[in-house]
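Sequential numbering from 1 applies to the sequence shown in the UniProt record's numbering.
Please read the structure below before turning to the comments.
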Amino acid sequence: MIEKKFVLETEEGLHARPASMLAKATMKYKCNIKLYKGSDKTNVYQPKSILSLMSVGAGKGELLTFVTDGDDEGEAMASIAGLFTSNFKG
C-alpha cells in the first residue's frame with residue numbers, strides 16, 4: 001500500500017479536464033485506488049470514476065490524499081504523481 005498527499009494547483013481546482021485526465025490515467029491499473037479530500041478519511045472517492053472525482057469539490061490549494069493498493073500500486077501512484085507534477089498539462 002502506498003499513500004501520498006498532493007496539493008491541487010490548477011486554477012479552477014479539480015474541474016472537468018483534470019478529473020477526466022485523472023480518471024483516464026487511473027483506469028488502466030488493476031490496483032485499488034482511493035482518494036480522500038484533506039485529512040478527512042470519512043469520504044472516500046474513486047479516482048477511476050469521473051463522476052466520483054467531480055463530486056470531490058476540491059479547489060486550488062486543497063490537499064488530496066491518494067492510496068494505491070495492489071500489484072501495480074507503484075506504477076499507479078507514479079502516474080498520479082506525474083499529473084500533479086505537470087499541473088495536469090499533459
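Where a beta carbon is used, it is the ideal one built from N, C-alpha and C, also for glycine.
Worksheet item: So E3 is in the beta strand (DSSP E); what residue range does that whole segment cover?
Response: 2–7
Discussion item. Helix, strand or coil for K63? Go by DSSP, reduced to three states.
Written reply: Note on identity: in this sequence residue 63 is Leu, with Lys being the wrong assignment. Of the three classes helix, strand and coil, the one that applies to L63 here is strand, per DSSP.
Item to complete: Determine, using beta carbons only, whether A19 and L53 come nearer to each other than 8 Å.
Response: Yes. Within cutoff.
Discussion item. Could you check whether V56 and L35 sit closer than 8 Å to each other, using their CB atoms as the reference points?
Written reply: yes
Worksheet item: Which residue from K41, S39, N32 puts its Cα closest to that of M1?
Response: N32
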